[in-house]
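Trainee: Using my numbering, the letters of the sequence shown correspond one by one to residues 3 to 423.
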Amino acid sequence: MSISFFGLDTAITGLTANQRALEVTGHNVANLGTPGYSRQSTIFASAYPRTYGNWRVEMGCDIQQIRQIRHTFNDNIYRTQSNNLGYWEARNKAVYDVAQILGEPMMQGFQAALNNFWDSFQELSKAPESLTVRALVKQRSDSLVNYLNQVGSQLNKLQADLNEVIRIRINEVNDITEQIANLNVKIMSAEAAGNLPNDYYDLRNTLADRLSVLVNADFNFTPDGSMDVLVGGYYLVSKGEHNQLVAAPNDDMSNFFKPVLKTPTGNISLEIGSGTIKGLLEARGEVSGAKGSYSNGTPNITSDITIAVDISNTSADYLAKIKDRIETMVDDLKKRGLDYNLRLVTFGGSTPVSNINFKKDVEALKNAIPDTPDAGTTNNFEDVLNAVTSNEYGEVNKYLLVFTEESINGNEVVTDDSTLS
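In structure tokens form, the structure reads like this:
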């Protein structure tokens with residue numbers, strides 16, 4: 003008689019399994035508008051049968067797993083196109099901003115000012131003796147010069163804004179990779195326990211989609227459930243670990259950022275491929291303050307450089323290295339076609355802080371740096387900042403280079419060549 007009741011067990015398992023399947027369907031409907039959500043489906047399998055003596059009794063059905071309906075092939079295509087979209091959106095936005103500054107393509111702004119300027123000379127050629135026409139030429143010349151100055155300032159501001167956006171996007175990449183690494187840990191733990199954390203999969207895929215817009219990233223899945231992220235051949239995420247990008251100067255004495263990979267042994271230049279950051283880098287340009295680079299630089303072709311040297315608690319060899327570095331720096335400025343102005347501030351000695359403008363006389367500046375250290379410590383770094391801020395600067399690129407064998411708070415000593423550079 004007991005065997006006859008196994009039919010009821012079969013009905014119960016069938017009802018229970020299909021009830022759970024309906025719950026999954028309801029979950030799909032409820033998340034129809036949830037960003038990044040992947041539809042889930044229920045996979046049924048025959049329940050494990052029971053055996054009694056020579057009898058083998060089937061127990062109905064059970065749910066084998068609840069899996070996501072997601073295709074890696076489609077993900078790769080989507081992320082590739084998103085990467086291209088991010089690049090061209092960044093370029094398009096920059097071009098649009100430049101067009102707004104120039105007042106193009108409408109017949110106003112730069113083109114109108116230039117046409118009015120040439121029209122006034124056309125009128126002057128007809129009546130050169132007319133004081134009225136001469137006044138018109140002067141007025142429109144002044145108008146063109148003022149407009150060009152205004153355009154130049156706005157383009158410089160746009161370039162600086164793009165540079166800041168690059169820094170923000172680099173930080174966003176770091177935030178995304180950190181979250182992916184944390185999700186990897188949770189997913190690996192869940193899969194090791196025999197579970198499928200679909201919600202974690204969705205969140206990780208959403209982050210991967212966003213990352214693919216910013217940089218050209220490769221995503222590799224490992225058998226333990228983690229997602230490795232590579233950019234330019236280097237790992238940004240490996241299981242639960244992540245490496246950070248940093249916004250580093252793209253050249254010596256440059257205010258422009260570029261993304262580099264931060265490692266324990268130093269920063270590594272990174273090829274980020276396409277994407278939003280690449281579009282921003284190209285829209286901003288690579289050069290600031292160099293002659294012949296007005297298309298992506300700045301009209302300020304003079305660099306005003308203040309060199310601050312700590313002459314106490316150091317060595318004669320260190321001071322000699324500083325002089326060599328200064329000479330190398332000036333040679334580089336000349337090669338780049340930059341005009342420059344040199345100032346020297348010495349501090350940390352037994353005498354008050356000195357603040358001298360040597361203009362272009364690099365030899366006089368080097369001679370003003372003592373050959374031997376001074377053991378006195380009558381001033382601190384705050385005195386240096388006060389001396390620097392007291393200088394008057396024009397429309398120039400301003401730099402402050404500090405040479406010291408001590409940290410600013412005096413707790414550590416640094417003497418390696420990379421610090422001197």
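We put the CB at the ideal spot given by N, CA and C, even for glycine. Computed from a predicted structure; not experimentally measured.
Which residue wins for smallest C-alpha separation from A249, given the options P261, V239, L238 and G242?
Mentor: Checking every option, the nearest Cα to that of A249 belongs to P261.
Trainee: Alpha carbon to alpha carbon, how far is I189 from S228?
Mentor: For I189 and S228, the distance between alpha carbons rounds to 7 Å.
Trainee: In this structure, how does DSSP classify T44 when only helix, strand and coil are distinguished?
Mentor: Three-state result, T44: strand.
Trainee: Report the CB separation of F360 from L344 in whole angstroms; it is logged as a contact under 8 Å.
Mentor: Indeed they touch by this definition, with Cβ atoms about 5 Å apart.
Trainee: Measuring only the C-alpha atoms, how far is D333 from N388?
Mentor: Looking at the two C-alpha atoms, the distance is approximately 29 Å.
Trainee: Please state the DSSP three-state secondary structure of L216.
Mentor: In this structure, L216 counts as helix in the three-state DSSP scheme.
Trainee: Only counting the same chain, and skipping five residues up and downstream in sequence, which positions put a Cβ closer than 7 Å to that of V386?
Mentor: Taken in chain order, the residues that qualify are A310, V347, F349 and V355.
Trainee: Sorted by chain position, which residues of the same chain lie with C-beta nearer than 7 Å to T53's C-beta, five sequence neighbours on each side aside?
Mentor: Same-chain partners within the cutoff: there are none.
Trainee: Does the pairing of the region 139 to 148 with the region 110 to 128 give three or more beta-carbon distances under 8 Å?
Mentor: Yes, the region 139 to 148 touches the region 110 to 128.
Trainee: Between the region 264 to 284 and the region 234 to 252, are three or more C-beta pairs nearer than 8 Å?
Mentor: These segments touch.
Trainee: To the nearest angstrom, how far is it from the Cα of N393 to the Cα of T179?
Mentor: Distance between the alpha carbons of N393 and T179: 44 Å.
Trainee: Where does I14 land, buried or exposed, given buried means 16+ other C-beta within 10 angstroms?
Mentor: Under this definition I14 is an exposed residue.
Trainee: Are the Cβ atoms of T308 and V390 separated by less than 8 Å?
Mentor: In contact: T308 and V390 (Cβ atoms closer than 8 Å).
Trainee: Quick one, are the C-beta atoms of R72 and S43 less than 8 Å apart?
Mentor: Not a contact, by the Cβ cut-off of 8 Å.
Trainee: In angstroms, rounded to a whole number, what distance separates the CA positions of I279 and R171?
Mentor: The alpha-carbon atoms of I279 and R171 are separated by roughly 7 Å.
Trainee: What did DSSP end up calling T18 once you bin it into helix, strand or coil?
Mentor: Note: T18 maps to helix in three-state DSSP.
Trainee: Find the nearest neighbour of D253 within the set A318, D220 and M331, judged by alpha-carbon distance.
Mentor: Of A318, D220 and M331, the residue nearest in Cα terms is M331.
Trainee: In its own chain, which residues sit with a C-beta less than 8 Å from the C-beta of P251, not counting the 5 before and 5 after it?
Mentor: Closer than 8 Å at the Cβ level, and outside the excluded window around P251, lie N257, F258, F259 and K260.
Trainee: From the DSSP output, read off the bridge partner residues of R69.
Mentor: R69 pairs with S43.
Trainee: What are the partner residues of N315, as DSSP defines its beta bridges?
Mentor: N315 is not bridged to any residue.
Trainee: What beta strand (DSSP E) runs, 3 residues minimum, are completely inside the region 199 to 245?
Mentor: List check, beta strand (DSSP E) in window: 219 to 223, 229 to 233 and 236 to 240.
Trainee: Once DSSP output is grouped into helix, strand and coil, what is the label at G287?
Mentor: Three-state DSSP puts G287 in coil, outside helix and strand.
Trainee: Could you tell me the distance, in whole angstroms, from the CA atom of I358 to the CA atom of L282?
Mentor: Using only the alpha carbons, I get a separation of about 40 Å.
Trainee: Whole angstroms is fine: what's the gap from A318's alpha carbon to D373's?
Mentor: Cα to Cα, the separation comes out at about 6 Å.
Trainee: Exposed or buried, which one is G294 when buried takes at least 16 other CB atoms within 10 Å?
Mentor: The pLDDT assigned to G294 is 41, lower than 50, so where the model puts this residue is not dependable; a value taken from the coordinates is nonetheless given after this. The residue is exposed, with fewer than 16 neighbouring Cβ atoms inside 10 Å.
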